[in-house]
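The opening residue of the sequence shown carries number 1 in our numbering; numbering runs sequentially from there. Even glycine gets a Cβ: it sits at the ideal position worked out from N, Cα and C. What follows is a short report on a single structure.
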Amino acid sequence: RFDRLAQQHHCLRIKLLGDCYYCVSGLPEPRPDHAHCCVEMALDMIDAIAMNMFRLVREVMGVNVDMRVGIHTGRVHCGVLGLRKWQFDVWSNDVTLANYMESGGIPGRVHITKETLRYLNGDYQVEPGDGGDRNSYLRDHNIETFLIVPPDNFKTTMKRPSGFMNGNIAKELRVMGHGSKSSKYSKLGLSESSDAKDPEDEVNDYLMRAIDARSIDQLRSEHCTPLLLHFKQAAIEQKVTILLVT
Numbered sequence: 001r002f003d004r005l006a007q008q009h010h011c012l013r014i015k016l017l018g019d020c021y022y023c024v025s026g027l028p029e030p031r032p033d034h035a036h037c038c039v040e041m042a043l044d045m046i047d048a049i050a051m052n053m054f055r056l057v058r059e060v061m062g063v064n065v066d067m068r069v070g071i072h073t074g075r076v077h078c079g080v081l082g083l084r085k086w087q088f089d090v091w092s093n094d095v096t097l098a099n100y101m102e103s104g105g106i107p108g109r110v111h112i113t114k115e116t117l118r119y120l121n122g123d124y125q126v127e128p129g130d131g132g133d134r135n136s137y138l139r140d141h142n143i144e145t146f147l148i149v150p151p152d153n154f155k156t157t158m159k160r161p162s163g164f165m166n167g168n169i170a171k172e173l174r175v176m177g178h179g180s181k182s183s184k185y186s187k188l189g190l191s192e193s194s195d196a197k198d199p200e201d202e203v204n205d206y207l208m209r210a211i212d213a214r215s216i217d218q219l220r221s222e223h224c225t226p227l228l229l230h231f232k233q234a235a236i237e238q239k240v241t242i243l244l245v246t
């Protein structure tokens, strides 16, 4: 999902560092709107995390799924490293600063430096980021930071009609490998119609069916022979045979 967003917003994923998605814009081809690309990418990533499907994961698993985003604009060295396993990478003091911007950010917000703000040309509303209060590196280097104020349409994402969200959930399930663009939503028990039931209920139903199927497979492997599907315990097999004959 994030890789598709990166392609859409002209960003390049460099690598995954643990739970950190590490990408740049303006490489390998320079772009004058690189700062805008990064901010739009960040807003869409947060929007994807905030979707109903991920909220359901938070509720079911008891895990707070959210993300911080840190953006900085500067100079980098880039190149391909390695002799056998090649890796395109970027490095510089500005790259280091971008990493600290992420660690000093706020979950669910886009944290930018003054240098990035300068390239946004006033196209986004911002508020003080106070990154130095949360990160010693930013404080020691007197880095002035800001937070992007989410646009109105981003704030109301969760208030969209259920039919719209239902379509988004079905699309996300396809991206995760549960179906394809050519398959019907009905194969997942999801509907595109605006009259469909609540998306969370549909996802719950889908998960329950998957759990039931997994449970049946597990019971079959534990108690039945793989080819003939006879019960491994002779007493149970005899009872079933008598029942079928009767």
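For the putative contact between residue i and residue j, defined by C-beta atoms under 8 angstroms, what is the C-beta separation to the nearest angstrom?
i: residue 135; j: residue 92; result: The Cβ separation is near 19 angstroms, so there is no contact.
i: residue 71; j: residue 106; result: Wrong, their Cβ atoms sit about 13 angstroms apart, outside the cutoff.
i: residue 120; j: residue 35; result: 5 angstroms
i: residue 22; j: residue 2; result: Rounded, the Cβ-Cβ distance is 11 angstroms, inconsistent with contact.
Can you tell me the Cα-Cα spacing of residue i and residue j, whole angstroms?
i: residue 172; j: residue 90; result: Its pLDDT being 49, under 50, residue 172 is placed unreliably in this model, and the value from its coordinates should be taken loosely. Residue 172 and residue 90: Cα-Cα distance of roughly 30 angstroms.
i: residue 46; j: residue 130; result: 20 angstroms
i: residue 12; j: residue 59; result: 32 angstroms
i: residue 66; j: residue 44; result: 13 angstroms
i: residue 233; j: residue 224; result: 8 angstroms
i: residue 85; j: residue 142; result: 38 angstroms
i: residue 147; j: residue 132; result: 13 angstroms
i: residue 100; j: residue 140; result: 12 angstroms
i: residue 94; j: residue 49; result: 27 angstroms
i: residue 124; j: residue 4; result: 23 angstroms
i: residue 77; j: residue 145; result: 23 angstroms
i: residue 116; j: residue 126; result: 12 angstroms
i: residue 255; j: residue 73; result: This structure cannot settle anything about residue 255, because the visible part of the chain is limited to 1 through 246.
i: residue 118; j: residue 31; result: 15 angstroms
i: residue 64; j: residue 114; result: 30 angstroms
i: residue 6; j: residue 61; result: 28 angstroms
i: residue 19; j: residue 27; result: 23 angstroms
i: residue 151; j: residue 75; result: 29 angstroms
i: residue 29; j: residue 88; result: 14 angstroms
i: residue 149; j: residue 122; result: 12 angstroms
i: residue 98; j: residue 42; result: 13 angstroms
Would residue i be called buried (16 or more neighbouring beta carbons within 10 Å of its own) or exposed?
i: residue 51; result: buried
i: residue 109; result: buried
i: residue 40; result: buried
i: residue 68; result: buried
i: residue 82; result: exposed
i: residue 24; result: buried
i: residue 17; result: exposed
i: residue 80; result: exposed
i: residue 15; result: exposed
i: residue 96; result: exposed
i: residue 235; result: exposed
i: residue 37; result: buried
i: residue 251; result: Lying outside 1 to 246, the shown extent of the chain, residue 251 is not represented and no answer is given.
From the DSSP output, which residues share a beta bridge with residue i?
i: residue 111; result: 70 and 147
i: residue 127; result: 147
i: residue 13; result: 23
i: residue 77; result: 91
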